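Report on one structure; see the data block that follows.
Residue numbers (UniProt numbering): 1 to 404.
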């Protein structure tokens with residue numbers, strides 16, 4: 001473990017700069033997750049209008065994803081990333097100052113374009129800074145560890161800041177402006193990132209052809225896995241607060257405490273994943289994490305004492321995020337550099353498709369006050385994901401990784 005910590009401290013300068021700005025991104029996203037809908041309700045948007053805005057944002061991000069993937073390597077990953085972050089910040093300012101549906105509609109379109117640009121560029125750029133495949137694995141998981149930890153902090157701040165900035169609670173403009181300012185700081189910080197030399201040289205020589213815009217068979221297989229990842233995540237995660245509250249009959253304070261602890265577990269799991277991957281290898285660690293995820297999902301579907309429920313709840317969360325980080329991180333690592341931006345863009349589309357379908361199904365189940373079936377469904381989706389991974393992905397991934 002000491003050697004692993006030493007390796008993290010010796011990551012390339014570009015990676016360190018990137019990770020130093022990740023806490024601000026996590027805080028901004030945590031504030032957005034908690035307060036966006038509440039702010040819209042505070043300025044008299046109806047639930048139907050909020051649903052339309054949310055659906056439009058998701059759809060628009062999917063529409064923008066492929067064009068952004070095609071443009072990223074031609075324009076430059078850093079430029080696309082910084083531009084995307086700037087657009088997200090701009091959308092936050094529009095949300096904070098807006099009062100009418102058409103203003104929030106504009107904000108969602110700007111946000112969707114910014115998110116599509118960010119998702120197509122951030123991981124390929126981060127990988128471009130790395131000198132070895134081992135560093136890519138470490139960097140990928142460190143990004144998630146830092147982001148997850150500070151998203152939880154942002155959510156916590158979202159519950160505290162309105163007391164001082166928006167005491168009337170009629171809206172959340174003050175806190176939303178803090179969110180926008182935080183995203184502006186992220187944009188400024190990442191504008192000072194070093195340019196990726198590989199992409200710069202490639203962009204200067206690039207000539208467009210239709211054939212080059214078609215993803216390879218391996219990329220299409222890899223992004224298919226993200227459909228399962230999105231579905232397994234969204235059938236449960238968005239409803240954790242509801243499930244815990246009503247299944248355990250807990251207060252809001254107790255629920256918030258458990259979810260905060262859950263966020264710490266997710267961050268710790270992401271942090272430890274590269275160490276476990278190096279120690280046990282891809283095939284072994286993926287099997288162990290899969291078994292832990294499915295077994296704990298099944299156990300959580302039955303009646304348990306509170307302390308056992310908490311233990312398996314946290315075990316499932318840690319194993320779940322570690323397993324999907326292992327598979328998706330290694331699939332991105334084995335993708336050729338020139339295809340990584342398209343891979344990232346297509347992955348966001350398939351993940352959103354899986355998330356949308358599963359979240360809709362999860363909402364229907366909870367409407368019938370069934371608080372155990374979502375765990376079984378998530379376990380079933382993870383089982384399907386593992387079969388997909390073993391049959392279609394593992395052999396080619398091991399072959400590519402062994403080349404390095």
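Using N, Cα and C, we set each Cβ at its ideal position, and we do this for glycine too. This structure is a prediction, so every number in the text was calculated from the model and none was measured.
Name the two residues that bound the continuous alpha helix (DSSP H) containing residue 155. On the chain shown, position 155 is the one that residue 155 refers to. Start and end: 133 to 165.
Relative to the alpha-carbon of residue 338, which residue among 320, 196, 263 has its alpha-carbon at the smallest distance? For this step, residue 338 is matched to residue 338 along the chain shown. Looking at the Cα atoms, 196 is the closest of the given residues.
Short Cβ contact (9 angstroms threshold) for residue 355 with residue 222: What you label residue 355 is simply residue 355 of the chain shown in a count that begins at 1. What you label residue 222 is simply residue 222 of the chain shown in a count that begins at 1. No. Outside cutoff.
Can you check which of these residues, 32, 378, 89, 271, is closest to residue 186 by C-alpha distance? Residue numbering aside, residue 186 sits at position 186 when the chain shown is read from its first letter. Selected option, being the one with the closest Cα: 89.
So, are the CB atoms of residue 292 and residue 315 less than 9 angstroms apart? Numbered from 1 along the chain shown, position 292 holds the residue referred to as residue 292. Numbered from 1 along the chain shown, position 315 holds the residue referred to as residue 315. Their beta carbons are under 9 angstroms apart, which means residue 292 touches residue 315 by this criterion.
Report the rounded CA-to-CA distance for residue 8 versus residue 141, giving the unit in angstroms. To locate residue 8, count along the chain shown from 1; it is residue 8. To locate residue 141, count along the chain shown from 1; it is residue 141. Each residue's CA atom was taken as its position, placing residue 8 and residue 141 some 11 angstroms apart.
For the segment 174 to 193 against the segment 86 to 101, are there 3 or more C-beta pairs whose distance is under 8 angstroms? The segment 174 to 193, when compared against the segment 86 to 101, does touch it at the 8 angstroms Cβ threshold.
Going by the CB atoms, is the gap between residue 49 and residue 40 shorter than 9 angstroms? Numbered from its first residue, the chain shown carries residue 40 at position 40. Numbered from its first residue, the chain shown carries residue 49 at position 49. Yes; because the gap between Cβ atoms is below 9 angstroms, this pair is in contact.
Since I believe residue 18 is in contact with residue 126 (beta carbons under 8 angstroms), could you give me their beta-carbon distance rounded to a whole number of angstroms? Counting from one through the chain shown, the residue named residue 126 turns up at place 126. Counting from one through the chain shown, the residue named residue 18 turns up at place 18. Going by Cβ atoms, the distance from residue 126 to residue 18 rounds to 6 angstroms, so yes, they are a contact pair.
Determine the contact status of residue 406 and residue 152, defining contact as a CB-CB distance below 9 angstroms. The shown model of the chain, from 1 to 404, leaves out residue 406, and the question about it has no answer.
Would you kindly report the start and end of the unbroken alpha helix (DSSP H) that includes residue 252? Position 252 of the chain shown, counting from 1, holds the residue named residue 252. Looking at the DSSP string, the run of the alpha helix (DSSP H) that includes residue 252 is 252 to 280.
Span of the alpha helix (DSSP H), counted from its first residue to its last, around residue 394: Translated into the one-based positions of the chain shown, residue 394 becomes position 394. Residues 394 to 403.
Buried versus exposed, by CB contacts within 10 Å (16 or more), residue 68: Position 68 of the chain shown, counted from the first residue, corresponds to residue 68. Buried.
Quick check on residue 78: buried or exposed, where buried means 16 or more other Cβ atoms within 10 Å of its Cβ? The count along the chain shown starts at 1 and reaches residue 78 at position 78. Per the 10 Å Cβ criterion, buried.
Indicate the three-state DSSP secondary structure (helix, strand or coil) for residue 239 in the structure shown. Position 239 of the chain shown holds residue 239. Correct three-state label for residue 239: helix.
Looking only at its chain, what residues have a beta carbon closer than 6 angstroms to the beta carbon of residue 122, apart from the 5 residues adjacent to it on each side? Stepping through the chain shown from its first residue, residue 122 is reached at position 122. Correct list, in chain order: 81.
Of the listed residues 267, 348, 392, nearest to residue 23 (C-alpha basis): What you label residue 23 is simply residue 23 of the chain shown in a count that begins at 1. Checked all of 267, 348, 392; the closest Cα to residue 23 is 267.
Status (buried if at least 16 other CB within 10 Å, exposed otherwise) for residue 252: Your numbering for residue 252 matches position 252 in the chain shown. Looking at its Cβ environment, which holds fewer than 16 other Cβ atoms inside 10 Å, residue 252 is exposed.
Nearest-angstrom Cα distance between residue 47 and residue 179? The count along the chain shown starts at 1 and reaches residue 47 at position 47. The count along the chain shown starts at 1 and reaches residue 179 at position 179. Their backbone Cα atoms lie some 23 angstroms apart in a straight line.
By Cβ distance, which residues of its chain are closer than 7 angstroms to residue 71, with the 5 residues on each side in sequence left out? Your numbering for residue 71 matches position 71 in the chain shown. Setting aside the 5 residues that flank it on each side, residue 71 is surrounded in the same chain by 80, each with a C-beta closer than 7 angstroms to its C-beta; the list follows chain order.
Roughly how many whole angstroms lie between the Cα atoms of residue 317 and residue 159? Mapped onto the chain shown, residue 317 falls at position 317. Mapped onto the chain shown, residue 159 falls at position 159. Each residue's Cα considered, the two are about 23 angstroms apart.
Hey, residue 98 and residue 107 are a contact pair by Cβ (cut 8 angstroms); roughly how many whole angstroms apart? As a working mapping, residue 98 is identified with position 98 in the chain shown. As a working mapping, residue 107 is identified with position 107 in the chain shown. Between residue 107 and residue 98 the Cβ distance is about 6 angstroms, and since that is below 8 angstroms, they are a contact.
Measuring CB atoms only, is the segment 256 to 273 touching the segment 363 to 371, in the sense that at least three cross pairs come out at less than 8 angstroms? no
Take the Cβ of residue 220 as the centre, count every other Cβ of all protein chains shown within 10 Å, and call the residue buried at 16 or more, exposed below. Along the chain shown, one-based indexing puts residue 220 at 220. Flag for residue 220 reads exposed.
Straight-line gap, residue 154 to residue 161 (C-alpha atoms, nearest Å): Residue 154 sits at position 154 when you count from the first residue of the chain shown. Residue 161 sits at position 161 when you count from the first residue of the chain shown. The alpha-carbon atoms of residue 154 and residue 161 are separated by roughly 10 angstroms.
Mapping DSSP to helix, strand and coil, what is residue 127? In the chain shown, the residue the question calls residue 127 occupies position 127. Shown here, residue 127 sits in a helix according to DSSP, grouped into three states.
State buried or exposed for residue 28, treating a residue as buried only when at least 16 other CB atoms are found within 10 Å of its CB. Residue numbering aside, residue 28 sits at position 28 when the chain shown is read from its first letter. Buried is the call here.
Going by Cα to Cα distance, which pick from 383, 380, 166 is closest to residue 42? Indexing the chain shown from 1 puts residue 42 at position 42. Nearest C-alpha to residue 42: 166.
Contact belief for residue 282 with residue 398 at Cβ below 8 angstroms, rounded distance in angstroms: Here residue 282 corresponds to residue number 282 of the chain shown, with the count starting at 1. Here residue 398 corresponds to residue number 398 of the chain shown, with the count starting at 1. Contact flag correct, Cβ pair sits at about 6 angstroms.
Whole angstroms is fine: what's the gap from residue 60's alpha carbon to residue 145's? Position 60 of the chain shown holds residue 60. Position 145 of the chain shown holds residue 145. Approximately 28 angstroms between the Cα atoms of the pair.
With 16 as the cutoff for other CB atoms within 10 Å, does residue 124 come out buried or exposed? Along the chain shown, one-based indexing puts residue 124 at 124. With 16 or more other Cβ atoms within 10 Å, it is buried.
Assuming residue 80 is part of the alpha helix (DSSP H), what are its boundary residues? The residue given as residue 80 occupies position 80 in the chain shown. Counting along the chain, the alpha helix (DSSP H) containing residue 80 begins and ends at 77 to 97.
For residue 131, is the classification buried or exposed, using 16 other Cβ atoms within 10 angstroms of its Cβ as the cut-off for buried? Mapped onto the chain shown, residue 131 falls at position 131. Its Cβ having fewer than 16 others within 10 Å, residue 131 is exposed.
contact_flag[the segment 373 to 386, the segment 223 to 243] where n(CB pairs < 8 angstroms) is 3 or more: Counting Cβ pairs under 8 angstroms, three or more are found: they touch.
By alpha-carbon positions, which one of 32, 230, 87 ends up nearest to residue 353? Walking along the chain shown from the start, residue 353 turns up at place 353. Checking every option, the nearest Cα to that of residue 353 belongs to 230.
Given this structure, state the Cα-to-Cα distance separating residue 401 from residue 36, to the nearest angstrom. Position 401 of the chain shown holds residue 401. Position 36 of the chain shown holds residue 36. Whole-angstrom Cα-Cα distance: 41 angstroms.
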